[in-house]
Each structure stands twice: as C-alpha cells, then as structure tokens.
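Participant: Quick note, the sequences are listed as chains V and D, same order.
Using UniProt numbering, the letters of the first sequence map in sequence onto residues 1 to 486.
Using UniProt numbering, the letters of the second sequence map in sequence onto residues 1 to 138.
Dropping a structure here in structure tokens format, bear with me for questions.
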Amino acid sequence: MTTREFQGIELERVREHVWEIPKEGDMRVPARVLASEPLLEQIGDDKTLQQLKNATQLPGMTKYAVCMPDGHQGYGFPVGGVGATDTETGCISPGSVGYDINCGVRMMKTNLSYDDLQGKEEELVDTLFANVPSGLGGGGVVEGDAATVEAVLDRGMEWALEEGHAVEDDLKHCEDEGVRYDADPSAITQKAKDRGKNQLGSLGSGNHFLEVQRVTDIYREDVADSFGLEPDQVVVLIHCGSRGLGHQTCNDYLRRIEKEHGDLLAQLPDKELAAAPAGSDLAEEYYGAMCAAINYAWTNRQLIMHRTRRVFERVFGRDWEEMEMYLLYDVAHNIAKKEVHDVDGEERELYVHRKGATRAFPAGRPEVPEAYRDVGQPIIIPGSMGAGSYVLRGGAASMAETFGSTAHGAGRVMSRTQAKKDYWGETVQQELEDQQKIYVKAQSGATIAEEAPGVYKDVDEVVRVSDELGIGDKVARTFPVCNIKG
Amino acid sequence: MPYSLRDHTADVGVEATGSDLDELFAGVANGLTACMCESVPDDGDRFAVEVTAEGLEAALFDYLDQLIYERDVRDVLPVDHEATVTEDPATGEWTVAASARGVPLSAVVAREIKAVTYSEMTVEETDDGWRAYVVFDV
Numbered sequence: 001m002t003t004r005e006f007q008g009i010e011l012e013r014v015r016e017h018v019w020e021i022p023k024e025g026d027m028r029v030p031a032r033v034l035a036s037e038p039l040l041e042q043i044g045d046d047k048t049l050q051q052l053k054n055a056t057q058l059p060g061m062t063k064y065a066v067c068m069p070d071g072h073q074g075y076g077f078p079v080g081g082v083g084a085t086d087t088e089t090g091c092i093s094p095g096s097v098g099y100d101i102n103c104g105v106r107m108m109k110t111n112l113s114y115d116d117l118q119g120k121e122e123e124l125v126d127t128l129f130a131n132v133p134s135g136l137g138g139g140g141v142v143e144g145d146a147a148t149v150e151a152v153l154d155r156g157m158e159w160a161l162e163e164g165h166a167v168e169d170d171l172k173h174c175e176d177e178g179v180r181y182d183a184d185p186s187a188i189t190q191k192a193k194d195r196g197k198n199q200l201g202s203l204g205s206g207n208h209f210l211e212v213q214r215v216t217d218i219y220r221e222d223v224a225d226s227f228g229l230e231p232d233q234v235v236v237l238i239h240c241g242s243r244g245l246g247h248q249t250c251n252d253y254l255r256r257i258e259k260e261h262g263d264l265l266a267q268l269p270d271k272e273l274a275a276a277p278a279g280s281d282l283a284e285e286y287y288g289a290m291c292a293a294i295n296y297a298w299t300n301r302q303l304i305m306h307r308t309r310r311v312f313e314r315v316f317g318r319d320w321e322e323m324e325m326y327l328l329y330d331v332a333h334n335i336a337k338k339e340v341h342d343v344d345g346e347e348r349e350l351y352v353h354r355k356g357a358t359r360a361f362p363a364g365r366p367e368v369p370e371a372y373r374d375v376g377q378p379i380i381i382p383g384s385m386g387a388g389s390y391v392l393r394g395g396a397a398s399m400a401e402t403f404g405s406t407a408h409g410a411g412r413v414m415s416r417t418q419a420k421k422d423y424w425g426e427t428v429q430q431e432l433e434d435q436q437k438i439y440v441k442a443q444s445g446a447t448i449a450e451e452a453p454g455v456y457k458d459v460d461e462v463v464r465v466s467d468e469l470g471i472g473d474k475v476a477r478t479f480p481v482c483n484i485k486g
Numbered sequence: 001m002p003y004s005l006r007d008h009t010a011d012v013g014v015e016a017t018g019s020d021l022d023e024l025f026a027g028v029a030n031g032l033t034a035c036m037c038e039s040v041p042d043d044g045d046r047f048a049v050e051v052t053a054e055g056l057e058a059a060l061f062d063y064l065d066q067l068i069y070e071r072d073v074r075d076v077l078p079v080d081h082e083a084t085v086t087e088d089p090a091t092g093e094w095t096v097a098a099s100a101r102g103v104p105l106s107a108v109v110a111r112e113i114k115a116v117t118y119s120e121m122t123v124e125e126t127d128d129g130w131r132a133y134v135v136f137d138v
C-alpha cells in the first residue's frame with residue numbers, strides 16, 4: 001500500500017486522488033483527502049491535515065471528514081472541509097461553517113461577446129468600482145434600517161423581489177430559490193443586526209470581488225447549452241457573503257456554546273470546533289440564525305448583481321434585459337444544511353457542514369432547481385484574478401464520495417503577510433493589465449498584493465481532480481477581464 | 001514593537017508581548033489595527049469600550065470582537081489602543097476597560113478583518129511578562 005506522511009500524520013492511498021487518514025486515538029471516523037500528488041504536497045505543508053483530524057472528533061460525525069482538493073489551513077475546521085453530523089445524535093458546529101455564513105459565488109450571464117467589451121474595459125471597471133460598494137466603510141447598495149434587516153433575514157431574495165431589486169427569474173436560478181424558510185431572525189443578536197444595517201449590498205474586502213469575465217473554453221457542450229454558456233460570452237462573477245452580520249452571528253454562538261455547552265467543548269481539541277449538541281435549544285437557535293444569515297448573504301449578492309445590471313446599462317447604453325443579464329446560479333460555500341444522505345444503505349438526515357466547499361448535487365436530485373435538474377447543479381469555482389474560473393456541474397459520484405460536495409476555489413498557498421513582502425499591489429495591477437489585459441481596481445493596494453495570482457493553488461489542477469473523481473464535472477472555463485475588490 | 005504579524009495560510013496571526021496584561025491586550029489590539037491598515041492618520045476622537053467575561057482568554061476574545069463591532073457601527077478604524085485588565089477575585093471574572101481613537105473610515109485606506117477567532121489562541125505568562133497569540137479571520 002502506498003502511504004505518505006506529513007508532520008507525523010500518515011495517509012494511505014485508497015485510489016487515484018483519494019487518500020485516507022485511518023481512524024486512531026480520539027478520531028470518531030477516518031478522514032479523507034481528495035488530491036493529486038502535487039496538491040497533496042501543498043495540503044501537507046501547513047496545519048490542514050491536523051485540523052481535518054481534529055474535525056473527526058465532532059460528535060455524530062458520519063463516514064469520514066473530507067478535505068477537498070483546494071483545502072488549506074483555516075481555524076478549527078480546515079477550509080475545503082466537509083463534515084456530516086447526525087441531526088439527532090450529533091451536533092451542529094458554527095466554527096465548522098465559518099465566520100462568513102453563506103459566503104458564496106454567483107454568476108450572471110450576458111449576451112455580450114468579448115468583442116463588445118474590448119475598448120470599454122477601463123470605463124467598465126471604473127464605473128463598477130464607483131457604484132458597487134467595497135472595502136471598509138463603503139456602505140451598501142441599500143441604506144438599510146431595522147425593518148429592512150428583519151425582512152431580509154426573514155425572506156431573503158423574496159424581499160429583493162418585492163422591493164424591485166430582483167426579477168422572478170433570479171429566484172428560480174438560486175440555490176433554495178434564494179430563501180431559507182428555516183430562518184429565525186429573532187435568533188440574530190441586536191449587535192449582528194446593527195452591523196448588517198449599513199452593509200447590505202457590499203463586497204467587503206479580503207478575497208471577495210466582482211469580476212467581469214469571458215468564456216474561453218467549453219468542455220461539455222450539451223451541459224453548457226443547458227446553462228446558456230458559449231465561447232467568448234461575457235459573464236459576471238460575484239464573490240462575497242453575509243458581511244458583518246454573519247461574522248458577528250458566528251462569534252455570538254461560539255461564545256454561547258462556550259458558556260452553555262462547556263462540557264462538549266472540553267472534549268474537542270480546538271475551541272473553534274465549538275458545537276451545540278443536536279436537539280439542544282442552542283442547536284435549533286443557531287440553525288435558525290444561520291439560515292437567516294444565509295438569507296442576508298443571498299440578498300447581498302442579489303443587490304450587487306442588480307446594481308451591476310444598471311452599470312452595464314450605463315456603459316453599453318442598452319437595457320439589461322436586452323443584454324440578457326440573467327443569473328446562471330448562486331452557490332454557497334460556507335454553510336451547514338440539513339440534508340438526507342444514504343449512509344451504508346440507510347437514509348439519514350445530516351447536518352452537512354461545508355466550509356470552503358460547494359454543494360455539487362448531480363442530475364435528478366430534487367433539491368436542484370428545475371432548470372438544471374436534468375443536467376446537474378451548476379457549480380462556480382472562482383480562480384485568482386490572473387487565472388481562469390470554472391463552471392462545473394454536480395458529478396454523479398459526489399453523493400457517494402463527498403456528501404454531494406466539491407471544491408470552492410483555488411485555495412491559498414501563501415500567507416497574506418508573505419504576499420505583501422513578495423508583491424507590490426501597483427506592480428501586480430500593472431502587470432495584469434499589460435500582460436493579460438485584465439483591469440483591476442481595488443480600494444487598497446495591499447489587497448491586490450495579498451490576492452496576487454501567485455498566492456493561490458493551481459485552479460486548473462483543483463478542477464482536474466474534481467472532474468476525474470466525478471464529484472464536479474468541468475463544463476466551462478472563464479478568464480477575467482475586469483476585477484474590482486475591497 | 002510589542003506585536004508582530006505572523007504567517008497564516010489564509011488569515012493573519014498576531015503575536016504580542018507585554019510586561020503586564022494591560023500592555024498585552026493593547027498590543028494585540030494594535031496588531032489588529034496593523035492587519036487592517038499600514039499607515040494611520042492622526043485624526044479621530046477617542047471612544048471607550050468595556051467587556052466582562054468568565055476567563056482571561058474569553059475577555060481578550062470579547063474585547064477584540066467589540067472593537068470589530070465598534071468599527072462597523074461607528075464607521076471608524078480603532079487605533080492607539082489603551083486597556084486596563086482586572087480580575088474580580090470574588091467572581092473570577094475579567095474586565096477589560098479600554099479606549100481607542102476612532103479614525104473615520106473615509107479618512108483612511110483600510111481592509112476588513114472579519115472576526116477574531118479562538119483558533120490557537122494563547123494567553124500565557126512568560127519570564128518577562130505576558131505573551132498572546134491570536135488568529136484573525138480575513
């Protein structure tokens with residue numbers, strides 16, 4: 001048997017791209033890493049594997065904890081981690097969802113071609129930057145009051161539709177049609193709501209961005225047809241989450257777990273894995289709060305997308321409907337969801353935690369919106385601002401291998417502190433423009449340095465592994481043209 | 001400098017030292033500011049924050065969480081931190097009475113730190129005083 005060892009942790013090769021850390025010590029289940037040899041080298045280089053092992057100690061963990069090909073060290077649960085816990089005997093873990101609840105990505109299509117865009121890149125990037133709030137203190141598309149925040153938490157994109165920030169088609173092409181009815185706005189603290197008021201419709205900073213892209217490659221024509229994608233088409237990708245409201249919600253519940261379920265916490269190797277026992281009042285409250293934050297994040301991305309339509313109208317002098325600017329799909333990659341999965345021949349309801357992992361349900365699953373039920377759910381995998389992004393579709397093997405999940409991005413390999421030593425924001429920006437005709441605009445030069453293409457794993461390799469494992473199949477590749485960030 | 005920024009693949013670590021807890025807590029908070037901004041202008045008014053928690057680590061966590069909250073609701077970057085950390089011997093609770101200067105976000109180029117985390121958090125007494133390590137989510 002082939003084995004590999006990193007920092008004292010041994011992995012056994014199960015088959016191509018599948019590695020297992022056998023159950024030992026306090027682990028409740030084994031752990032699996034889905035990676036090619038080069039990706040495994042990177043994953044083994046930081047604390048990802050130890051964090052993955054730690055995550056297997058969560059009560060009710062089922063089958064195995066899985067690390068996706070883009071996995072890297074996070075806090076508590078690793079980024080790129082998938083863990084399913086039993087909803088009756090297990091737990092729900094806010095730290096294993098992450099601070100940015102429903103951080104996710106959506107892609108909007110257009111009928112414009114790259115030719116239509118050339119010559120207008122600078123005007124477009126400037127107008128987007130001026131009109132889509134980003135960075136710290138930039139406000140939001142909507143100046144929210146308390147009642148607005150309540151409505152958004154309660155009804156998500158339905159609120160956006162009522163208020164004229166969405167059309168019905170948007171809801172039909174969003175996971176859960178853009179609203180989680182399990183939401184309980186009263187489980188969100190006043191503090192979190194305070195933070196949410198002036199950030200509704202804003203990108204934030206860090207790795208969040210809005211990018212205008214062109215489709216460069218199509219790998220599966222039939223699926224691309226169903227998705228409405230073709231070569232040279234201009235699309236828009238939006239990556240952000242639930243902003244301060246979500247971050248505060250995570251911390252509020254981490255602290256409550258510490259106070260109310262200290263006994264469970266004491267059994268876990270990392271405080272950030274903090275979990276509320278299934279069936280406890282706190283587990284129910286967190287689930288309601290998380291679902292409300294999910295609604296907030298969907299609305300946040302919706303407001304940004306709708307604002308982007310207006311920007312395109314201004315730059316191209318046409319109605320957005322005429323430019324057919326419709327939502328392809330919206331995926332969450334920091335989330336826990338009650339889902340029913342087959343575990344050793346038995347149907348069980350599980351909290352599937354996906355922290356830096358994307359749901360990847362294949363054709364036929366009832367949860368997939370009707371528009372895509374015959375081909376599988378679209379999955380959007382953003383790359384760095386100097387590399388391609390991908391559209392995949394849920395693969396046939398995802399249910400058996402990964403609780404219906406795949407990767408969420410390229411995954412970092414270099415720290416932010418190191419990136420600022422190695423890169424200078426203005427230089428990165430100029431090189432992208434001169435060498436690749438990619439127009440970048442950011443609030444802070446340091447953000448460009450921290451997000452330089454060189455700090456990320458090779459997204460092509462991440463997607464190749466996903467495709468070869470059959471958990472998320474390659475459909476199309478896109479390449480950046482304009483990028484704005486915080 | 002009583003703090004330094006440490007490598008972390010996705011996020012940022014802050015290591016701080018202090019001769020006492022007051023200096024230590026203010027040092028971590030100054031590290032948080034440094035994660036968001038390289039160059040701090042002189043303007044802004046001071047504001048106070050106070051938190052009480054059941055333990056020392058929890059008090060540090062709540063203090064930093066409160067600073068991030070104040071940043072978002074006041075629209076200011078908290079800088080130049082001062083803190084007084086005390087334990088109530090009767091209850092074992094720790095209180096952080098602190099203040100910071102709030103630089104209006106419109107007057108500064110700053111990036112967002114999403115949250116303080118408990119991941120690898122360390123608050124320990126050393127031969128020279130105190131040392132803390134905190135990971136912030138970016």
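Just so it is clear, CB atoms sit at the ideal spot from N, CA and C, and this is done for glycine as well.
Counting only Cβ-Cβ distances shorter than 8 Å, please list the residues of the stretch 250-271 of chain V near chain D, keeping chain order.
Facilitator: C250, N251, L254, R255, E258, K259, D270 and K271
Participant: Give every residue of the same chain whose Cβ lies closer than 6 Å to the Cβ of F129 of chain V, excluding the five residues on either side of it in the sequence, and list them in chain order.
Facilitator: Counting from 1 along the first sequence, the entry for residue 129 of chain V is found at position 129. Hits under 6 Å: K441 and I484.
Participant: Run through chain V and tell me which residues come within less than 9 Å of Y118 of chain D, C-beta to C-beta.
Facilitator: One-based indexing of the second sequence puts residue 118 of chain D at position 118. Neighbours of Y118 of chain D on chain V, chain order: Y75, G76, G95, L254, E258, D270, K271, E272 and A274.
Participant: Measure the alpha-carbon distance for S19 of chain D versus D128 of chain D and round it to whole angstroms.
Facilitator: Against the second sequence, residue 19 of chain D aligns to sequence position 19. Against the second sequence, residue 128 of chain D aligns to sequence position 128. C-alpha separation (whole angstroms): 6 Å.
Participant: In chain order, what residues of the same chain lie with their CB nearer than 7 Å to the CB of residue 512 of chain V, ignoring the 5 residues before and after it?
Facilitator: With chain V covering only 1 through 486, there is no way to say anything about residue 512 of chain V.
Participant: Using 8 Å as the limit for Cβ to Cβ distance, is L5 of chain D near chain V?
Facilitator: Translated into the one-based positions of the second sequence, residue 5 of chain D becomes position 5. Output row for L5 of chain D: interface = yes.
Participant: Would you please state the rounded distance, in angstroms, between the beta carbons of V236 of chain V and M399 of chain V? I believe it to be under 8 Å.
Facilitator: Sequence index remark: in the first sequence, residue 236 of chain V carries index 236 (1-based). Sequence index remark: in the first sequence, residue 399 of chain V carries index 399 (1-based). Wrong, their Cβ atoms sit about 30 Å apart, outside the cutoff.
Participant: Under DSSP, the alpha helix (DSSP H) around P38 of chain V begins and ends at which residues?
Facilitator: Against the first sequence, residue 38 of chain V aligns to sequence position 38. Residues E37 to I43.
Participant: For the candidate residues V:A224, V:M290 and V:Y456, whose alpha-carbon lies nearest to that of Y99 of chain V?
Facilitator: The residue labelled residue 99 of chain V in the question sits at position 99 within the first sequence. The residue with the shortest Cα to Cα distance from Y99 of chain V is V:M290.
Participant: So, does the CB of R101 of chain D fall closer than 8 Å to a CB anywhere in chain V?
Facilitator: Residue mapping note: residue 101 of chain D aligns to position 101 of the second sequence, counting from 1. With 8 Å as the cut-off, R101 of chain D does not count as an interface residue toward chain V.
Participant: Just the chain V side, please: which residues come within less than 9 Å of L105 of chain D by C-beta, in chain order?
Facilitator: The residue labelled residue 105 of chain D in the question sits at position 105 within the second sequence. Residues of chain V with a Cβ closer than 9 Å to the Cβ of L105 of chain D are, in chain order, G135, L136, G137 and G138.
Participant: Taking the beta carbon of R310 of chain V as the centre, do at least 16 other beta carbons fall within 10 Å, making it buried, or is it exposed?
Facilitator: The sequence position of residue 310 of chain V within the first sequence is 310, counting from 1. With fewer than 16 Cβ atoms within 10 Å of its Cβ, R310 of chain V is classed as exposed.
Participant: When the distance is taken between beta carbons, is A332 of chain V closer than 8 Å to E175 of chain V?
Facilitator: Here residue 175 of chain V corresponds to residue number 175 of the first sequence, with the count starting at 1. Here residue 332 of chain V corresponds to residue number 332 of the first sequence, with the count starting at 1. Yes, these two residues count as a Cβ contact at 8 Å.
Participant: Which bits of chain V does A110 of chain D rub up against, with CB to CB less than 9 Å?
Facilitator: The residue given as residue 110 of chain D occupies position 110 in the second sequence. Ordered by position in chain V, the residues that pass the 9 Å Cβ test against A110 of chain D are G135, L136, G137, S205, Q443 and S444.
Participant: Candidates V:A387, V:I294 and V:S280: which alpha carbon is nearest A149 of chain V's?
Facilitator: The residue labelled residue 149 of chain V in the question sits at position 149 within the first sequence. Reading off the sequence, residue 149 of chain V comes out as Val, not Ala. Considering only alpha carbons, the answer is V:I294.
Participant: How many angstroms separate the CA atom of P116 of chain D from the CA atom of Q73 of chain V?
Facilitator: The sequence position of residue 116 of chain D within the second sequence is 116, counting from 1. The sequence position of residue 73 of chain V within the first sequence is 73, counting from 1. Sequence inspection shows Val at residue 116 of chain D; the Pro mentioned does not correspond to that position. The alpha-carbon of V116 of chain D is positioned some 16 Å away from that of Q73 of chain V.
Participant: Under 8 Å: do the stretch 47-66 of chain V and the stretch 74-92 of chain V share three or more Cβ pairs, one atom per stretch?
Facilitator: yes
Participant: Note down, in chain order, every chain D residue with its Cβ under 7 Å from the Cβ of H72 of chain V.
Facilitator: Taking the first residue of the first sequence as 1, we reach residue 72 of chain V at position 72. The answer, in chain order, is T9 and A10.
Participant: In chain order, which alpha helix (DSSP H) runs of at least 4 residues are fully inside the stretch 330-411 of chain V?
Facilitator: Restricted to the stretch 330-411 of chain V, the alpha helix (DSSP H) segments that are unbroken, complete and at least 4 residues in length are 398-402, listed in chain order.
Participant: Could you pull the start and end residues of the alpha helix (DSSP H) that residue 498 of chain V belongs to?
Facilitator: The first residue shown for chain V is 1 and the last is 486, placing residue 498 of chain V beyond what the model contains.
Participant: Using DSSP bridges, identify the partner residues of R6 of chain D.
Facilitator: In the second sequence, counting from the first residue as 1, residue 6 of chain D sits at position 6. Its beta-bridge partners are D:G13.
Participant: Would you tell me roughly how many angstroms separate the C-alpha atoms of A100 of chain D and V108 of chain D, rounded to the nearest one?
Facilitator: Here residue 100 of chain D is taken as the residue at index 100 of the second sequence, counted from 1. Here residue 108 of chain D is taken as the residue at index 108 of the second sequence, counted from 1. A100 of chain D and V108 of chain D: Cα-Cα distance of roughly 16 Å.
Participant: Assuming M414 of chain V and Q302 of chain V are in contact, meaning their beta carbons sit under 8 Å apart, how far apart are those beta carbons, in whole angstroms?
Facilitator: Counted from its first residue, the first sequence places residue 414 of chain V at position 414. Counted from its first residue, the first sequence places residue 302 of chain V at position 302. Actually they do not touch by this definition, with Cβ atoms about 33 Å apart.
Participant: Assign L11 of chain V to one of three DSSP states: helix, strand, or coil.
Facilitator: For the purposes of this step, residue 11 of chain V is identified with residue 11 of the first sequence, where counting begins at 1. L11 of chain V falls in the strand class under three-state DSSP.
Participant: Run through the stretch 132-213 of chain V for me and flag every whole beta strand (DSSP E) of 3 or more residues, listed as ranges in chain order.
Facilitator: For the beta strand (DSSP E) assignment, the stretch 132-213 of chain V encloses no uninterrupted run of at least 3 residues.
Participant: Is there a Cβ from chain V that is less than 8 Å from the Cβ of Y133 of chain D?
Facilitator: Here residue 133 of chain D refers to the residue found at position 133 when the second sequence is read from its first residue. Closer than 8 Å: no.
Participant: Run down chain V in chain order and give the residues with a C-beta less than 8 Å from the C-beta of E38 of chain D.
Facilitator: If you number the second sequence from 1, residue 38 of chain D lands on position 38. The contacting residues are A446.
Participant: Between P30 of chain V and R13 of chain V, what straight-line distance do the alpha-carbon atoms span, to the nearest angstrom?
Facilitator: In the first sequence, counting from the first residue as 1, residue 30 of chain V sits at position 30. In the first sequence, counting from the first residue as 1, residue 13 of chain V sits at position 13. In this model, P30 of chain V and R13 of chain V are separated by some 13 Å (Cα to Cα).
Participant: Please identify the residue among V:E321, V:K420 and V:V391 whose C-alpha is closest to the C-alpha of V167 of chain V.
Facilitator: Walking along the first sequence from the start, residue 167 of chain V turns up at place 167. The candidate whose alpha carbon is nearest that of V167 of chain V is V:E321.
Participant: Counting beta carbon pairs with one atom in the stretch 223-241 of chain V and one in the stretch 366-383 of chain V, are three or more of them shorter than 8 Å?
Facilitator: yes
Participant: Return the residue from the list D:L24, D:T122, D:T52 and D:M36 that minimises the CA-CA distance to G137 of chain V.
Facilitator: In the first sequence, counting from the first residue as 1, residue 137 of chain V sits at position 137. Nearest of D:L24, D:T122, D:T52 and D:M36 to G137 of chain V, Cα basis: D:M36.
Participant: Taking C-beta to C-beta, are G55 of chain D and P78 of chain D nearer than 8 Å?
Facilitator: Counted from its first residue, the second sequence places residue 55 of chain D at position 55. Counted from its first residue, the second sequence places residue 78 of chain D at position 78. For the pair G55 of chain D and P78 of chain D, the CB atoms are not nearer than the 8 Å cut-off.
Participant: Could you name the residues of chain V that A34 of chain D contacts, counting a contact when the two beta carbons are closer than 7 Å?
Facilitator: In the second sequence, residue 34 of chain D corresponds to position 34, counting from 1. Near A34 of chain D there are no residues of chain V at all, since even the closest Cβ is about 10 Å away, more than 7 Å.
Participant: Any chance you could list the beta strand (DSSP E) runs of at least 3 consecutive residues sitting entirely within the UniProt domain "Archease" (3-138) of chain D, in chain order?
Facilitator: 3-6, 12-18, 45-53, 76-87, 94-104, 122-126 and 129-137
Participant: Could you tell me which residues DSSP pairs with G104 of chain V in its beta bridges?
Facilitator: As a first step, residue 104 of chain V is located in the first sequence; it is residue number 104 there, counting from the start. Paired residues: V:C240 and V:A332.
Participant: Are the stretch 417-432 of chain V and the stretch 356-372 of chain V touching by the rule of at least three beta carbon pairs closer than 8 Å?
Facilitator: no
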